[in-house]
Amino acid sequence: MKIGRKRKSKAEIPTSSMSDIAFLLIVFFMATTKFDVKEGIRIVLPQASEEGAEQTQTLTLTENEMTRLQITEDGRIAVNNDAPRAFESGELDALIQQKVRINQQMIFKVITDREATYNEMIRVVDRLKAAKIEKISLSTN
Amino acid sequence: MANFQKKRSRDVAIPNGSMSDIAFLLLLFFMVSTVFVQEKKFWVERDRWPIAESIERIPRNHTTTIYVMRDETILIDDIPTRIESSEDVFVSSTLIRKKADDPELVVCFRTDRDTKYGVMSDVMRQLQTAETLVVAFETQQRHN
Chain A
1 MKIGRKRKSK AEIPTSSMSD IAFLLIVFFM ATTKFDVKEG IRIVLPQASE
51 EGAEQTQTLT LTENEMTRLQ ITEDGRIAVN NDAPRAFESG ELDALIQQKV
101 RINQQMIFKV ITDREATYNE MIRVVDRLKA AKIEKISLST N
Chain B
1001 MANFQKKRSR DVAIPNGSMS DIAFLLLLFF MVSTVFVQEK KFWVERDRWP
1051 IAESIERIPR NHTTTIYVMR DETILIDDIP TRIESSEDVF VSSTLIRKKA
1101 DDPELVVCFR TDRDTKYGVM SDVMRQLQTA ETLVVAFETQ QRHN
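Structure, rendered in structure tokens:
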């Protein structure tokens, strides 16, 4: 009887689908990667004035040059010397547009009460930014 | 008589033996360059930020974040602090150091929307002292 010798089969790891797996992983990473950017309202603060500095100038601005928006503790807004009242966003937009029609370079000074919420200040600055106002001053009383 | 031999047509194939090497290189690049940003335990939840419409995108490089809680606690560089008087200069001294490391520093505020403005005003005064004048108030996008 003839006994056939068993042929040794070569042991191999199949690598043909390796690139498919790798590309799948790449697609996964590309799809899930989130470029983390922050979103918010950007403001450039003025430089701190040194007390007694000689180059400090005092300017007197009229209502046609600067509008004061004074935010009270309860979130009402006083425009220049008017009595404070509640403003809806639409009303605020209309007011800003009205002031800009008087002077394209109008400066808006937002004076927020120390007891008012940060949200109220952001609400006003947001409307100013929406109206493309560049000259915004932030202060408190 | 000339003998015209029929040309053998060769099989045209793009070599794809190194495809998996390239793919793994790309994969390694993504894995190495991915940075997982871990938020602080002490932070202001996103849903506590104010909502705004006219927001800008601020790239994360050159930024540092100051958290301001509703109870007026300020967190800068993982260190909680408070501004009780004008002598508390921790914020300004930290920012002076940061500004020296990165002159294009942008300070981002993550502030609870119900925080009183007074504390924000105090922090901004310290920013002016440190001459870090570019600030961003982080907000949520208003969805109409």
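First to last, the sequence lines map onto chains A and B. Here the first sequence stands for residues 1 to 141, numbered as in my numbering. Here the second sequence stands for residues 1001 to 1144, numbered as in my numbering. We put the beta carbon where it would ideally sit given N, CA and C, even for glycine.
Exposed unless 16 or more other CB atoms sit within 10 angstroms - verdict on residue i
| i | result |
| --- | --- |
| residue 104/A | exposed |
| residue 1046/B | exposed |
| residue 1061/B | exposed |
| residue 1111/B | buried |
| residue 1142/B | exposed |
| residue 1084/B | exposed |
Bounding residues of the beta strand (DSSP E) (the contiguous stretch that carries residue i)
| i | result |
| --- | --- |
| residue 1109/B | 1106 to 1111 |
| residue 1121/B | Where residue 1121/B is concerned, there is no enclosing beta strand (DSSP E), although the alpha helix (DSSP H) it sits in stretches over 1117 to 1129. |
| residue 1133/B | No beta strand (DSSP E) contains residue 1133/B, which DSSP labels as neither H nor E. |
| residue 1068/B | 1063 to 1068 |
| residue 110/A | 107 to 112 |
| residue 1073/B | Residue 1073/B -> no beta strand (DSSP E), and no H or E assigned at all. |
Cβ-heavy atom distance, residue i to the ligand PLP, below 8 Å
| i | result |
| --- | --- |
| residue 125/A | In terms of ligand content, the structure shown is empty, and the ligand PLP therefore cannot be addressed. |
Chain B residues whose Cβ lies nearer than 8 Å to that of residue i
| i | result |
| --- | --- |
| residue 23/A | 1023 |
| residue 105/A | Neighbours of residue 105/A on chain B: none; closest Cβ ~19 Å, over 8 Å. |
| residue 47/A | 1128, 1131 and 1133 |
Residue span of the alpha helix (DSSP H) that contains residue i, given as start and end
| i | result |
| --- | --- |
| residue 124/A | 118 to 130 |
| residue 87/A | Where residue 87/A is concerned, there is no enclosing alpha helix (DSSP H), given that its DSSP letter is neither H nor E. |
Close-in-space but distant-in-sequence residues of the same chain around residue i (CB under 8 Å, 5 per side omitted)
| i | result |
| --- | --- |
| residue 125/A | 41, 43, 110, 136 and 138 |
| residue 127/A | 89, 92, 93 and 96 |
Partners in chain A for residue i, counting only beta-carbon separations shorter than 8 Å
| i | result |
| --- | --- |
| residue 1030/B | 26, 29, 30 and 33 |
Own chain partners of residue i with C-beta closer than 6 Å, once the 5 adjacent residues on each side are dropped
| i | result |
| --- | --- |
| residue 1140/B | 1049 and 1051 |
Under 7 Å from the C-beta of residue i: neighbouring residues of chain A
| i | result |
| --- | --- |
| residue 1053/B | 126 and 130 |
Test: residue i CB closer than 9 Å to a CB of chain E
| i | result |
| --- | --- |
| residue 72/A | In the displayed structure, chain E is absent; the protein chains listed are A and B. |
Practice problem: Would you list, in chain order, the members of the segment 1114 to 1139 of chain B that have their beta-carbon closer than 8 Å to a beta-carbon of chain A? | Solution: 1114, 1115, 1116, 1117, 1118, 1120, 1121, 1124, 1125, 1127, 1128, 1129, 1131, 1133, 1134, 1135, 1136, 1137, 1138 and 1139
Practice problem: Check each residue of the segment 1083 to 1112 of chain B: if its Cβ is closer than 7 Å to any Cβ of chain A, include it; give the result in chain order. | Solution: 1108 and 1111
Practice problem: Please list the residues of the segment 1055 to 1072 of chain B that have a C-beta atom closer than 7 Å to any C-beta atom in chain A, keeping them in chain order. | Solution: 1055, 1056, 1057, 1058, 1059, 1060 and 1063
Self-check item: Contact residues within the segment 111 to 140 of chain A, judged by C-beta distance below 9 Å to chain B
Solution: 112, 113, 114, 115, 116, 117, 118, 119, 120, 121, 122, 123, 125, 126, 127, 128, 129, 130, 131, 132, 138, 139 and 140
Self-check item: Against chain B: residues of the segment 85 to 105 of chain A by CB proximity under 7 Å
Solution: none
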